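> Take this structure first; my questions come after.
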Amino acid sequence: MTPLLSVSDLHVSFATEEGVVRAVDGVSFAVDPGEIVAIVGESGSGKSVTAMTMLGLTRSPNARFEGSAEFDGTDLLTASEHELEGIRGNGIAMVFQDPMSSLNPVYRVGDQIVEQIRAHEPDLKRGAAYERAVELLGRVGIPRAAERARSFPHEFSGGMRQRVMIAMALSCNPELLIADEPTTALDVTIQAQILRELRALRDETGAAIIMVTHDLGVVADIADRVLVMYAGRVVEQGTLDELFYDPRHPYTWGLLGSIARLDRDRSRRLPAIPGSPPSLLDPPEGCHFRPRCPHAFAKCTEDPPLNGRDRCWLSLEEKQARRMVDGAIGLAYETTVIS
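Just so you know, my numbering puts the end of the sequence shown at 343, numbered straight through with nothing missing.
See below:
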């Protein structure tokens, strides 16, 4: 199968007064038609920059890009603004984290969807575009869609506003939908509804989805394949089952070990990965996770390649032996960390 999106050795850096920030450092991945790929990692890992670069939203005079990102025969990194205008909405659409900062507060939501539709289909009559907008609002689970299309964004709850954003993103039938933290700040019930609707829309339209998130619960609910990012790099990649049942990188072990579990001893403190992510102005030599990793050794000062599934110098046997802590996957924090 030919990938819908193929990203190869992507580097994104920004020149600042303090120095060069290497936000994305050699990221490669592909997304097949109809596939849901999750990009997971802590804040500052580069996952949102990676996603927004696909739509040219990180372009600025101080930004530098290397590598390639091929979508439908077009390299998104070198495409002109005119070419990107044709791809945004029609080819690739994006759902942002905060709908209130994306929706116009003084413009009715139905009219905002109509504006998006007619920007790509200028010959479509306004009435027909409005009918499609109402249909889209109903499709994403908004009750009384014809009535609510005349409402303003502040008249919707957070979950409903996110549904409006999804409807807007789907208005031009994109082949790829990028969802950047679409369930953040929503309660668990609304999160589940949004994820269920995204899966249903994938099944109905055949669109591929890139889900950007820090929440492994969201990943478990929706993803077919997962990329784990840390300090601008992909440190592990694999199917959903591989990530949860056969994780290979210590950072992934730490993420999995920090998830609250019903079978965990309630008297024990929920473990967290020690330390903090490195500055992308001056990342550590070799493995970027080395200063926080209890399994680091001398070779970790060398840059590990992404061989197959993960970017780690430990042997497969060592990984399988060291990832279990008290009968569950996690980091052995009592081990001395080598800096």
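Idealized CB from N, CA, C, for every residue including glycine.
Here the structure is a predicted model, which is why all the values come from computation and not from measurement.
What does a CB cutoff of less than 6 Å around Arg-420 pick up in its chain, not counting 5 residues either side in sequence?
The structure shown does not extend to residue 420, since the chain is modelled only from 5 to 343, so the question has no answer here.
> Could you tell me the alpha carbon to alpha carbon distance between Leu-220 and Asp-127, rounded to whole angstroms?
As a working note, residue 220 is residue 216 in the sequence shown. As a working note, residue 127 is residue 123 in the sequence shown. Rounded to the nearest angstrom, the two C-alpha atoms are 43 Å apart.
> With DSSP run on the structure shown, which of helix, strand or coil describes Ala-336?
Taking the first residue of the sequence shown as position 1, residue 336 is located at position 332. In this structure, Ala-336 counts as coil in the three-state DSSP scheme.
> When you compare only the Cα positions, how much space is there between His-253 and Ile-170?
Position 249 of the sequence shown, counted from the first residue, corresponds to residue 253. Position 166 of the sequence shown, counted from the first residue, corresponds to residue 170. Those two C-alpha atoms are separated by around 33 Å.
> Quick one, which of Ala-19, Val-230, Thr-54 and Pro-295 has its alpha-carbon nearest Glu-246's?
Against the sequence shown, residue 246 aligns to sequence position 242. Nearest option by C-alpha distance: Val-230.
> Pick out whichever of Pro-308, Val-192, Ser-49 and Leu-202 has its Cα sitting closest to the Cα of Ala-27.
Here residue 27 is taken as the residue at index 23 of the sequence shown, counted from 1. Ala-27 has its Cα closest to that of Ser-49, out of Pro-308, Val-192, Ser-49 and Leu-202.
> Kindly confirm or deny that the segment 92 to 105 and the segment 152 to 168 touch, where touching means at least three C-beta pairs closer than 8 Å.
Yes, since at least three Cβ pairs between the segment 92 to 105 and the segment 152 to 168 fall closer than 8 Å, the two stretches touch.
> Run through DSSP, which three-state label would Leu-231 get?
Start at 1 with the first residue of the sequence shown, and residue 231 comes out as number 227. Strand.
> With DSSP as the reference, identify every bridge partner of Asp-250, one or two as the case may be.
Working through the sequence shown from its first residue, we reach residue 250 at position 246. In DSSP, Asp-250 forms no bridge with anything.
> Using a Cβ-Cβ cut-off of 6 Å (strictly less than) and excluding sequence neighbours within five positions of Ala-196, which residues of its own chain qualify?
Here residue 196 refers to the residue found at position 192 of the sequence shown. Excluding residues within five positions, none has a Cβ falling inside 6 Å.
> Which residue or residues does DSSP assign as beta-bridge partners of Ser-12?
Here residue 12 refers to the residue found at position 8 when the sequence shown is read from its first residue. DSSP output for Ser-12 lists Ser-72 as bridge partner(s).
> Do the segment 308 to 318 and the segment 288 to 298 make contact, defined as three or more Cβ pairs closer than 8 Å?
Contact holds: three or more Cβ-Cβ distances are below 8 Å.
> Please report the distance separating the alpha-carbon of Ile-342 from that of Phe-301.
Position 338 of the sequence shown, counted from the start, is the residue given in the question as residue 342. Position 297 of the sequence shown, counted from the start, is the residue given in the question as residue 301. Confidence is the limiting factor: at Ile-342 the pLDDT is only 43, short of 50, which leaves the residue's position unreliable and the question unanswerable from this model.
> Determine the direct distance from the alpha carbon of Thr-187 to that of Pro-7, and round the result to whole angstroms.
Walking along the sequence shown from the start, residue 7 turns up at place 3. Walking along the sequence shown from the start, residue 187 turns up at place 183. Looking at the two C-alpha atoms, the distance is approximately 27 Å.
> Measure the alpha-carbon distance for Asn-66 versus Arg-265 and round it to whole angstroms.
On the sequence shown, residue 66 is found 62 positions in, with the first residue counted as 1. On the sequence shown, residue 265 is found 261 positions in, with the first residue counted as 1. Looking at the two C-alpha atoms, the distance is approximately 44 Å.
> Taking all protein chains shown into account, do 16 or more other C-beta atoms lie within 10 angstroms of the C-beta of Lys-129, making it buried, or fewer, making it exposed?
To locate residue 129, count along the sequence shown from 1; it is residue 125. Lys-129 comes out exposed.
> From Leu-202 to Val-232, what does the alpha carbon distance come to, in whole angstroms?
Counting from one through the sequence shown, the residue named residue 202 turns up at place 198. Counting from one through the sequence shown, the residue named residue 232 turns up at place 228. About 21 Å.
> Within this structure, are the beta carbons of Ala-184 and Val-222 separated by less than 7 Å?
Counted from its first residue, the sequence shown places residue 184 at position 180. Counted from its first residue, the sequence shown places residue 222 at position 218. Strictly speaking, residue 184 in this sequence is Asp, with Ala absent from that position. The answer is no: Cβ separation not under 7 Å.
> Do the segment 80 to 88 and the segment 127 to 147 meet, that is, are 3 or more Cβ pairs less than 8 Å apart?
No: the two stretches stay apart, fewer than three of their Cβ pairs being nearer than 8 Å.
> Restricting to Cα atoms, I'd like to know which of Asp-250, Val-238 and Pro-278 is closest to Pro-308.
Within the sequence shown, residue 308 is the residue found at index 304, counting from 1. Among Asp-250, Val-238 and Pro-278, the Cα nearest to that of Pro-308 is on Val-238.
> Give the DSSP-derived three-state secondary structure of Ile-43 in the structure shown.
Numbered from 1 along the sequence shown, position 39 holds the residue referred to as residue 43. Looking at Ile-43 - three-state DSSP - the assignment turns out to be strand.
> Fully enclosed by the segment 190 to 222, which alpha helix (DSSP H) runs are 4 residues long or longer?
As far as the segment 190 to 222 is concerned, its whole alpha helix (DSSP H) runs of at least 4 residues are 192 to 209.
> Since Leu-174 contacts Ile-213 with CB under 8 Å, what's their CB separation in whole angstroms?
The residue you call residue 174 lines up with position 170 of the sequence shown. The residue you call residue 213 lines up with position 209 of the sequence shown. That pair is no contact at about 11 Å.
> Among all the DSSP beta bridges, which residues are the ones paired with Val-35?
By one-based count along the sequence shown, residue 35 stands at place 31. Looking at the DSSP assignment, Val-35 forms a beta bridge with Leu-9.
> Mind checking who Met-104 pairs with in its DSSP beta bridge?
By one-based count along the sequence shown, residue 104 stands at place 100. DSSP, once it has assigned bridges, lists no residue as partnering Met-104.
> Between Tyr-249 and Gly-242, what straight-line distance do the alpha-carbon atoms span, to the nearest angstrom?
Locating residue 249 in the sequence shown gives position 245, counting from the first residue. Locating residue 242 in the sequence shown gives position 238, counting from the first residue. For Tyr-249 and Gly-242, the distance between alpha carbons rounds to 11 Å.
> So what's Ile-182 in DSSP terms, helix, strand or just coil?
Position 178 of the sequence shown, counting from 1, holds the residue named residue 182. Ile-182: strand per DSSP, three-state reduction.
> Quick check: the Cα distance between Val-11 and Val-168, rounded to an integer number of angstroms?
Here residue 11 refers to the residue found at position 7 when the sequence shown is read from its first residue. Here residue 168 refers to the residue found at position 164 when the sequence shown is read from its first residue. Each residue's alpha carbon lies about 29 Å from the other.
> Output the boundary residues of the alpha helix (DSSP H) element that contains Val-3.
The question about residue 3 has no answer, for the chain in this structure spans 5 to 343.
> Just the C-alpha distance for Arg-154 and Ala-123, rounded to the nearest angstrom, thanks.
Counting from one through the sequence shown, the residue named residue 154 turns up at place 150. Counting from one through the sequence shown, the residue named residue 123 turns up at place 119. Using only the alpha carbons, I get a separation of about 20 Å.
> Our contact map puts Ile-277 next to Ile-40 with C-beta atoms below 8 Å; I'd like the distance itself, whole angstroms only.
Position 273 of the sequence shown, counted from the start, is the residue given in the question as residue 277. Position 36 of the sequence shown, counted from the start, is the residue given in the question as residue 40. Between Ile-40 and Ile-277 the Cβ distance is about 26 Å, and since that is not below 8 Å, they are no contact.
> Could you work out which residue in Phe-75, Asp-13 and Val-16 is closest to Asp-36 when comparing CA atoms only?
The residue given as residue 36 occupies position 32 in the sequence shown. With distances taken between Cα atoms, Asp-36 lies closest to Phe-75.
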